[in-house]
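Undergrad: Numbers 263 to 611, taken from our numbering, label the letters of the sequence shown in order. For every residue, glycine included, the Cβ atom is placed at its ideal position computed from N, Cα and C. For reference, the structure I am asking about is given below.
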Amino acid sequence: MKKVDVQGLIRPHLIGMKPYSSARDEYTGKSEVYLDANENALGSVTKMDLSRYPDPHQNLIKEKLSKIKSAAIDQIFIGNGSDEPIDLLIRAFCNPKQDDIIILPPTYGMYEVSANINNVLVKKVPLTSTFQIQVEEVLKGISDHTKIIFTCNPNNPTGTRILDEDILTLIKSFNGLVVVDEAYIDFSDKQSFISQISEYNNLVILQTFSKAWGMAAARVGMLFADQEVVSILNKIKPPYNVNQLSQEAVLEALGKVDHKNQMVKNILTQKIYLAQELHSLDIIEEIHPSDANFILVRVSEPKKLYQYLIEKNIIVRDRSNVLLCEGCLRITIGNEVENKRLLGAIKGY
Ligand SMILES: Cc1ncc(COP(=O)(O)O)c(C=O)c1O
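Okay, here's the thing in structure tokens:
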């Protein structure tokens, strides 16, 4: 059990700030005639009726997610992608030009970009050569102004499964927030950290509908954390941050967990196939172990191979300029036809 002073971490001017109160906030009951939000009572120009503002609190989604993820409703925040809560966390907790965050490169790029947008300093403590956390170095990097440590497990772009005990050490030792970005958790057999949010009020979990659920276009992300953390994000978020189409899509998706699991299984089968086939090719120097839906491969001529694949109309991600990923391309696992086409192209290189 750990309790940090969450109120003490929040940027002071936000504590007393009055949030926007939407029409849907001011009248929450069910009624018949709604003349309170300046909507168009004649309907939409589209076939689908989009004339009414969506639920600002996404209550139906939270009720369903609460059961699936074993988290209380007030421990759940739904965002416009998980990129939105990344930005909101920085805006809620980090004073520009004063506070800092710690990131562990190579990692997901938006932690740094969001900090830069908000004029918040970024301290970098690189992972080890096997892409694990340098725990002692991270702890040494913490100052009175460090508000958030961003970890990503499984990590992007490496696919690495980060040691849980290292993340736990950070959670227990740090009096700020520790974010565990679990965007790729469905592809791993490791346990989510969600089960620990009641134990540690400085632990923040991010998940997304963009990967395993196959809904990147809907832009819906999930955050699980202590009620005080969720509550400050609710206070500063745009009122209708998740649109009606996306809310309906997520409600449909949450009734189809088996379908999601089946897709994950297929992707994992394809990952094993792709890795085995790539392994036998001379051009492939190393395939890093991956708990995600992509593999990071070190090749002899990354830039040339990347360009060659573009000519074959196959786009992978060139990560060869990224710290510790020198020589590497990141390859998302495609469907069977796509993976065979990629292999055929590489064999012809
Ligand atoms: C580690 C990680 N976190 C978050 C995201 C963003 O996800 P979303 O689509 O939910 O904004 C990504 C997207 O690639 C990611 O790799």
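Name, in chain order, the residues that DSSP records as bridge partners for Thr594.
TA: Taking the first residue of the sequence shown as 1, we reach residue 594 at position 332. Paired residues: Phe556.
Undergrad: Taking three-plus beta-carbon pairs below 8 Å as touching, is the segment 521-539 in contact with the segment 374-381?
TA: No: fewer than three Cβ pairs fall under 8 Å.
Undergrad: Quick check on Ser405: buried or exposed, where buried means 16 or more other Cβ atoms within 10 Å of its Cβ?
TA: By 1-based counting over the sequence shown, the position of residue 405 is 143. Ser405 should be labelled exposed.
Undergrad: Tell me, to the nearest whole angstrom, how far the beta carbon of Ile467 is from that of Ala445; I am working on the premise that it is less than 8 Å.
TA: For the purposes of this step, residue 467 is identified with residue 205 of the sequence shown, where counting begins at 1. For the purposes of this step, residue 445 is identified with residue 183 of the sequence shown, where counting begins at 1. Contact between Ile467 and Ala445 fails: their C-beta atoms lie close to 10 Å from each other, not under 8 Å.
Undergrad: Report the rounded CA-to-CA distance for Asp544 versus Met484, giving the unit in angstroms.
TA: By one-based count along the sequence shown, residue 544 stands at place 282. By one-based count along the sequence shown, residue 484 stands at place 222. Asp544 and Met484: Cα-Cα distance of roughly 41 Å.
Undergrad: Please classify Phe436: does DSSP put it in a helix, a strand, or coil?
TA: Position 174 of the sequence shown, counted from the first residue, corresponds to residue 436. Reduced to three states, the DSSP call for Phe436 is coil.
Undergrad: In the segment 427-471, which residue ranges form an unbroken alpha helix (DSSP H) of at least 4 residues, counting only runs that do not cross its ends?
TA: Runs of the alpha helix (DSSP H) inside the segment 427-471: none found.
Undergrad: Taking the alpha carbon of Tyr373 as the reference point, which residue from Asp267, Glu398, Gln337 and Ile410 has its own alpha carbon closest?
TA: On the sequence shown, residue 373 is found 111 positions in, with the first residue counted as 1. Comparing Cα-Cα distances from Tyr373 to each of Asp267, Glu398, Gln337 and Ile410, the minimum goes to Ile410.
Undergrad: The beta strand (DSSP E) with Glu548 in it runs from where to where?
TA: In the sequence shown, the residue the question calls residue 548 occupies position 286. It spans Ile546 to Ile549 - the beta strand (DSSP E) in which Glu548 sits, taken as one unbroken run.
Undergrad: Taking only the alpha-carbon atoms, compute the straight-line gap between Arg422 and Tyr462 and give it to the nearest angstrom.
TA: Indexing the sequence shown from 1 puts residue 422 at position 160. Indexing the sequence shown from 1 puts residue 462 at position 200. In the sequence as presented, Arg is not what sits at residue 422; that position holds Thr. So the two alpha carbons sit approximately 24 Å from each other.
Undergrad: Please determine, among Tyr370, Ile593, Ser283 and Trp475, the residue with the shortest C-alpha to C-alpha distance to Glu514.
TA: Numbered from its first residue, the sequence shown carries residue 514 at position 252. Selection Tyr370, Ile593, Ser283 and Trp475 evaluated against Glu514 yields Trp475 as nearest (Cα-Cα).
Undergrad: Out of curiosity, what's the CA-to-CA distance linking Asn583 and Ser562?
TA: Counted from its first residue, the sequence shown places residue 583 at position 321. Counted from its first residue, the sequence shown places residue 562 at position 300. Each residue's alpha carbon lies about 14 Å from the other.
Undergrad: Taking Tyr315 as the reference, give the member of Leu271, Val599, Asn503 and Asp553 with the closest Cα.
TA: Residue 315 sits at position 53 when you count from the first residue of the sequence shown. Among Leu271, Val599, Asn503 and Asp553, the Cα nearest to that of Tyr315 is on Asn503.
Undergrad: Sort Lys574, Leu495 and Tyr568 by Cα distance to Val268 and report the nearest one.
TA: For the purposes of this step, residue 268 is taken as residue 6 along the sequence shown, with counting starting at 1. The shortest C-alpha separation from Val268 is found at Leu495.
Undergrad: Check whether the segment 298-315 touches the segment 446-457, counting contact only when three or more Cβ pairs, one atom from each stretch, lie closer than 8 Å.
TA: Because the criterion of three Cβ pairs below 8 Å is not met, the segment 298-315 and the segment 446-457 do not touch.
Undergrad: Compare the Cα-Cα distances from Asp451 to each of Val526, Ile546 and Cys414 and report the closest residue.
TA: As a position in the sequence shown, residue 451 is number 189, starting the count at 1. Ranked by Cα distance from Asp451, the first of Val526, Ile546 and Cys414 is Val526.
Undergrad: Would you identify the three-state DSSP class for Arg273, choosing helix, strand or coil?
TA: Working through the sequence shown from its first residue, we reach residue 273 at position 11. The answer is coil: DSSP assigns Arg273 none of H, G, I, E or B.
Undergrad: Would you mind reading off the limits of the alpha helix (DSSP H) that contains Ile379?
TA: The sequence position of residue 379 within the sequence shown is 117, counting from 1. It spans Met372 to Ile379 - the alpha helix (DSSP H) in which Ile379 sits, taken as one unbroken run.
Undergrad: Taking only heavy atoms of ligand 1 into account, decide whether any of them is closer than 7 Å to the Cβ of Asn418.
TA: Position 156 of the sequence shown, counted from the first residue, corresponds to residue 418. Asn418 Cβ: within cutoff of ligand 1.
Undergrad: Could you compute how far the alpha carbon of Ser391 sits from the alpha carbon of Leu586?
TA: As a first step, residue 391 is located in the sequence shown; it is residue number 129 there, counting from the start. As a first step, residue 586 is located in the sequence shown; it is residue number 324 there, counting from the start. Approximately 7 Å, taken between the alpha carbons.
Undergrad: Is Pro368 closer than 8 Å to Leu389 when the C-beta atoms are compared?
TA: The residue given as residue 389 occupies position 127 in the sequence shown. The residue given as residue 368 occupies position 106 in the sequence shown. Between Leu389 and Pro368, the gap from beta carbon to beta carbon is short of 8 Å.
Undergrad: Nearest CA to the CA of Val629: which residue from Leu401, Phe393, Leu605 and Gln509?
TA: As displayed, the chain neither begins before 263 nor continues past 611, which places residue 629 out of reach and without an answer.
Undergrad: Do you know offhand how far Leu322's Cα is from Gln337's?
TA: Mapped onto the sequence shown, residue 322 falls at position 60. Mapped onto the sequence shown, residue 337 falls at position 75. Their backbone Cα atoms lie some 14 Å apart in a straight line.
Undergrad: Just mark Gly318 as buried or exposed, buried being the case when its beta carbon has 16 or more other beta carbons within 10 Å.
TA: Taking the first residue of the sequence shown as position 1, residue 318 is located at position 56. It is Pro, not Gly, that sits at residue 318 in the sequence shown. It is buried - the Cβ of Pro318 has at least 16 other Cβ atoms within 10 Å.
Undergrad: With a 10 Å radius around its C-beta and 16 neighbouring C-beta atoms as the bar for buried, classify Asp298 as buried or exposed.
TA: Here the question's residue 298 lines up with position 36 in the sequence shown. Burial call: exposed.
Undergrad: DSSP on Thr687, reduced to helix/strand/coil?
TA: Residue 687 lies beyond the stretch modelled for the chain, which goes from 263 to 611, so this question has no answer here.
Undergrad: Please go through the same chain and pick out, in chain order, the residues whose beta-carbon is closer than 8 Å to the beta-carbon of Leu425, but skip the five residues on each side of it.
TA: For the purposes of this step, residue 425 is taken as the residue at position 163 of the sequence shown. Closer than 8 Å at Cβ, skipping near neighbours: Gln394 and Ile395.
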